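One structure is given below, encoded as C-alpha cells.
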Amino acid sequence: MKYALIPLLPFAAFIVIGLFGHWIRDRAHWIAVPAVLGSFVLAASAFFDIAQGTPVRLTLYSWISSGSFQVPIGFYIDRLAAAMLLLVTIVSGLVHVYTIGYMRGDAGYARFFSYIALFTFSMLMLVMADNFLQLYVFWEAVGLCSYLLIGHWYERKAASDAAMKAFIVNRVGDFGFGLGVMLVFALFGTLQYEQVFAQAASHAHETLNLLPFGGAWPVNVLTLLCLLLFAGAVGKSAQVPLHVWLPDAMEGPTPISALIHAATMVTAGVFMVARFATLYNLSPTAMAVVAVVGGVTAIFAATIALTQNDIKRIVAYSTVSQLGYMMMACGLGAYTAGIYHLLTHGAFKALLFLGCGSVIIALHHEQDIRRMGGLKDKLPITYWTFVIGSLALAGFPLTAGFFSKDEILIGAWTAGPLGRTLTVVGLLTAFLTAFYSFRLVFVAFWGPSRVDPHVARQVHEPSPTMTMPLIVLAALAIVTGYLGIPGFLSPALPGPMSLPPAHEGAATFAIMALATVMGLGGIALAYVFYVLKPALPSVIAQQWSSLYAGSLHKWYVDELYEAWFVRPTIEAANDLWQWIDMRVIDAAVNGVAGSINLWSRALRLIQSGEVQHYALAMALGAVVILGVYMLL
Amino acid sequence: MVPLSYYMILSGVVFLTGLVGVLIRRNIIILLLSIELMLNATNINFVAFSYYLHDIAGQVFVFFALTVAAAEVAVGLAIFIALYRGTPSVNVEEFNLMKG
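Taken in order, these protein sequences are the chains called S and V. The first sequence begins at 1 in my numbering and counts up by one. The second sequence begins at 1 in my numbering and counts up by one.
So this is what it looks like as C-alpha cells:
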C-alpha cells in the first residue's frame with residue numbers, strides 16, 4: 001500500500017486538478033505540492049526499507065491476461081529504483097514549489113500543475129516497473145507529458161513546433177524500443193524483468209536471421225535486442241543522432257526544463273540501460289555501441305555549447321553532453337558510475353535550470369546572455385547557487401560532480417582499449433564543460449550590465465518559493481558526493497564479467513588529477529577569455545570562422561535533417577495528397593457519385609408526373625406479359 | 001343460344017374502349033367514365049362465365065364490383081372537386097406536380 005501510494009498521490013493530484021482546474025485555478029499548488037511531498041516522504045521511507053532489506057516485489061493487479069501473455073501492473077524496487085525514486089520525488093517536489101513563483105499569473109497555471117503531477121506519476125511508475133510493457137507504456141507517458149509541457153505556451157509557434165519535434169524525434173527511437181519489447185516476448189515468452197534476466201544467459205549464443213527470402217545475415221539475438229532497446233534510449237536521452245529535440249525543448253517553461261529535460265525524463269534512457277545491465281553484459285557489441293554513442297554525444301554536444309548565446313540552450317547542450325557521459329559509462333560497464341553521475345547531475349542540472357529561470361524572470365524573459373551581465377550583485381542567491389551548480393558541472397574538486405565524473409573516468413580507464421580512448425574523450429569533454437559553464441557564469445553574471453536599462457532598474461531576487469529550491473539543490477549538488485552512492489548502488493548493478501578489478505592507486509590518482517586539471521583549466525581559460533581579455537573570443541572566432549560558425553549552427557544537424565528527412569517527407573506527403581488522394585481516391589469516390597447522378601438523370605425522365613403515362617406503362621406491361629405468356 | 005365468344009368479344013371491345021379512353025383523353029371526368037367502362041367490361045365477363053359454367057359465384061362477384069365502382073365514383077368525384085378548387089381545370093395534364 002505504501003509503495004502504491006508513491007505514484008498514486010501525484011496521480012490523484014493530476015485527476016483533481018485536471019477535472020476541476022477551472023474552479024481551482026491559481027490554488028492548484030495547494031493540491032499538487034502536498035501530493036508530491038507526500039510521495040517524497042513515502043519514497044524516502046521505501047528507500048530506507050530497501051537499503052536495509054531486499055528488493056521489493058509487488059503485483060498490484062493483473063493488467064493483461066491472454067493465454068501465455070500475462071502482464072501485471074507491478075513494482076520491482078531495488079536499490080537502483082529506490083535511488084531514482086528519491087531523485088524524482090525530490091526534484092519534482094522542488095520544481096513544484098519553484099513553479100508557484102515562476103508560473104504565477106499564468107493563464108494555464110492549473111493545467112501546468114496537473115501535467116507536472118501526471119509527469120511525476122508516470123516517471124515514478126516507469127522507475128518502479130517490473131516488466132517491459134509497463135516500462136514501455138510509462139516511457140511513452142512521460143514522452144506525452146514532455147510534449148504537453150513543452151507546448152504549454154502553445155500560442156507561440158516556436159513552442160508548439162518544439163513540442164512536435166520532441167514527440168516525433170522520440171517516435172523514431174521508440175519504434176526500435178517497441179520492437180525490442182516484442183522481441184523480448186518472442187524470445188523469453190514473458191515480460192517480467194526477473195524471469196527475463198534469469199533466462200538471458202541461456203540465449204547468449206543464439207542467432208537470428210535478419211534477411212528474408214532465403215538470405216543469410218545471422219545476428220546475435222541479444223545484441224539485436226539490446227540495440228533495439230538502446231534505440232529508445234537514444235531518443236529519450238537525446239543521444240546523437242536523435243539529440244536535436246532536447247535543445248528545442250527549451251521553448252517550454254523553465255521548471256519543465258529542470259524537471260523533465262534535465263533531471264528525470266531524459267535520464268530514463270540511461271536508467272533503462274542500467275536496469276537491463278544483465279542483458280547488456282551478455283552482448284559486448286551492444287555495449288561498445290552504447291559506449292561510443294555516449295562518448296560521441298558527450299563531446300559533440302560540448303562543442304556546440306561553447307558558442308550558444310541563449311542561456312537555456314547552453315545548459316541544454318550541457319545536459320545532452322552529460323547524458324552522453326552517463327551513457328558512455330554504462331556502455332563501458334561502469335553502470336554504478338553512470339547512475340551515480342545521473343543522480344548528482346539531476347541535482348546540479350536542475351539547479352542550473354532553475355537558476356536560469358530566476359534570471360529569466362528577473363530580466364522579464366530575456367534569454368540572451370549577451371544582454372545580461374553584472375547580475376551577481378543584484379541576484380546574490382541566484383548567483384551563488386548558480387556558481388555552485390556550475391562548479392559541480394565543471395567537476396570542481398569536492399563538489400558532487402567531481403566525484404561522479406571521476407568515477408566515470410576511472411571506470412572507463414579500466415574498461416579495455418575502447419575505454420581508454422573514451423577516457424581521453426571524457427577528459428576533453430570535461431575541459432570543454434568547465435569552459436562553457438564558466439563562460440555562462442562570467443558573461444551573464446560578471447562584467448558591466450548590458451541589460452535593457454528600463455528593465456535593469458527593476459531587477460531583483462525572485463520570491464522565496466523560487467529561491468528556496470535553489471538553495472536546497474545547491475546543498476544537494478555538494479552533499480550527494482559524500483553519501484557513498486556508488487557503494488549503495490553496486491549490488492543492484494552487475495558489471496560485465498570480463499571487467500578486470502579496478503586499479504586502485506596510481507592510475508586512479510592520475511586520472512583524478514588530470515580531470516581536476518582539465519576542470520580548473522577550463523574555468524581558467526573562461527576567466528581569461530571573458531574577464532581578463534574580453535576582446536579575445538571574437539578574434540578567435542574570426543580566425544577559425546568556419547569552426548565557429550559550425551559550432552554556432554550546431555554543426556548543421558538540423559539543416560541536414562531538414563534536407564534529408566523533413567523536406568522529402570513533406571514533398572512526398574504533398575505528392576501523395578495531390579496525386580493519390582486527389583486524383584485516385586477522391587476521383588473514385590466522385591466517380592461513383594457522378595455515375596449515380598447520370599443514371600438518375602436518365603431515370604427521372606420516366607417520372608413525368610402525369611397519370612396517363614403511368615397508365616400507358618401499365619397497359620403496355622400487361623400486353624407484354626400476356627404476349628410472353630401466350631407465346632411460350 | 002349466343003356463344004360465349006360473342007360475350008368475350010363484346011367485353012374485350014368495351015375494355016379496350018375504356019383503356020384507350022383512359023390513355024388518350026384529357027378530360028378528367030372522361031377518364032373516370034372510361035375506368036367505369038373497363039370495370040363493366042369485366043362484369044360482362046363475369047356474368048357470361050357464370051352463366052356458362054353454372055356457377056352463381058361470378059354473379060355475386062359482379063354485385064361486389066358494382067358496389068365498389070359506385071363507391072369509387074363517389075370518392076373519385078369528391079377528389080375531382082377538391083382538385084378543382086386548387087387548380088380550376090379538368091385537364092389531367094395540368095396535374096403533374098409529381099414530375100421528377
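Glycine included, every Cβ here is placed at the ideal spot set by N, Cα and C. Please read all numbers here as calculations on a predicted model, not as lab measurements.
| Check | Outcome |
| --- | --- |
| Quick check on the DSSP output: what are the complete alpha helix (DSSP H) runs of length 4 or more inside the region 245-295 of chain S, in order along the chain? | 245-248, 254-258, 268-275 and 277-281 |
| Between GLY295(S) and MET328(S), is the Cβ-Cβ spacing less than 7 angstroms? | yes |
| Using the C-alpha atoms, what's the distance from ARG601(S) back to ALA70(V)? | 41 angstroms |
| Mapping DSSP to helix, strand and coil, what is GLN195(S)? | helix |
| Which value, in whole angstroms, describes the spacing of the CA atoms of ALA35(S) and LEU227(S)? | 38 angstroms |
| By alpha-carbon positions, which one of LEU489(S), GLU251(S) and MET466(S) ends up nearest to GLN52(S)? | LEU489(S) |
| Show which residues of chain V have a CB atom less than 7 angstroms away from the CB atom of VAL611(S). | VAL92 |
| Quick one: give me the first and last residue of the beta strand (DSSP E) that PRO72(S) is part of. | 69-77 |
| Between VAL266(S), SER45(S) and ALA302(S), which has its C-alpha nearest LEU342(S)'s C-alpha? | VAL266(S) |
| Of all the alpha helix (DSSP H) runs that stay within the bounds of the region 110-163 of chain S, which reach a length of 4 or more residues? | 132-150 |
| With contact counted as at least three CB pairs below 8 angstroms, one residue from each stretch, are the region 388-403 of chain S and the region 471-479 of chain S in contact? | yes |
| Is it buried or exposed, GLU407(S), if we count other Cβ atoms within 10 angstroms and call 16 or more buried? | buried |
| Nearest-angstrom Cα distance between TYR98(S) and ILE361(S)? | 12 angstroms |
| Using a C-beta to C-beta distance shorter than 7 angstroms, which residues of chain V count as neighbours of ALA619(S)? | LEU19 and LEU23 |
| Considering PRO486(S), what are the terminal residues of the alpha helix (DSSP H) in which it resides? | 485-489 |
| In whole angstroms, what separates the C-alpha of ALA233(S) from that of GLY591(S)? | 49 angstroms |
| Would you check if the distance between the CB atom of MET84(S) and the CB atom of VAL56(S) is smaller than 7 angstroms? | no |
| If we cut at 7 angstroms on Cβ distances, does SER66(S) have a partner in chain V? | no |
| Count the other CB atoms within 10 Å of the CB of ASN91(V); is the residue buried (16 or more) or exposed (fewer)? | exposed |
| Is PHE64(V) buried or exposed, if buried means 16 or more other CB atoms sit within 10 Å of its CB? | exposed |
| Below 7 angstroms between beta carbons: does that hold for GLY235(S) and ASN309(S)? | no |
| Got a sec? Which residues, its chain only, sit under 6 angstroms from THR516(S) by beta carbon, not counting five neighbours each side? | PRO397 |
| Is the beta carbon of ARG239(S) less than 7 angstroms from the beta carbon of VAL293(S)? | Here the sequence assigns Gln to residue 239(S), which means Arg is not the residue at that position. Taking 7 angstroms as the Cβ cut-off, GLN239(S) and VAL293(S) qualify as a contacting pair. |
| Considering TYR325(S), what are the terminal residues of the alpha helix (DSSP H) in which it resides? | 311-331 |
| As a quick exercise: from LEU306(S), ALA107(S), ASP575(S) and ALA573(S), pick the residue whose alpha carbon is nearest that of SER551(S). | LEU306(S) |
| So that I know if they touch, is there some Cβ in chain V lying closer than 7 angstroms to that of SER608(S)? | yes |
| Between which residues of its own chain and ILE28(V) is the CB-CB distance below 7 angstroms, once the five residues before and five after are set aside? | PHE80, VAL90 and VAL92 |
| Determine the direct distance from the alpha carbon of THR59(S) to that of SER498(S), and round the result to whole angstroms. | Here SER498(S) scores only 49 on pLDDT, less than 50, and its place in the model is too uncertain to base an answer on. |
| Less than 7 angstroms between the beta carbons of ALA13(S) and ALA44(S), yes or no? | no |
| To the nearest angstrom, how far is the alpha carbon of LYS2(S) from that of LYS378(S)? | 45 angstroms |
| If you reduce the DSSP assignment to three classes, tell me which class THR429(S) lands in. | helix |
| Which residue's Cα is closest to the Cα of LEU224(S): ALA198(S), PRO284(S) and TYR193(S)? | PRO284(S) |
| With respect to 6 angstroms, is the separation between the Cβ of ASP55(V) and the closest non-hydrogen atom of the ligand MG below this value? | No copy of the ligand MG appears in this structure; indeed no ligand is present at all. |
| Helix, strand or coil for TRP23(S)? Go by DSSP, reduced to three states. | helix |
| Give me whichever residues DSSP pairs with ILE64(S) in a beta bridge. | VAL71(S) |
| Can we say the region 159-170 of chain S touches the region 107-126 of chain S, given the rule of at least three CB pairs closer than 8 angstroms? | no |
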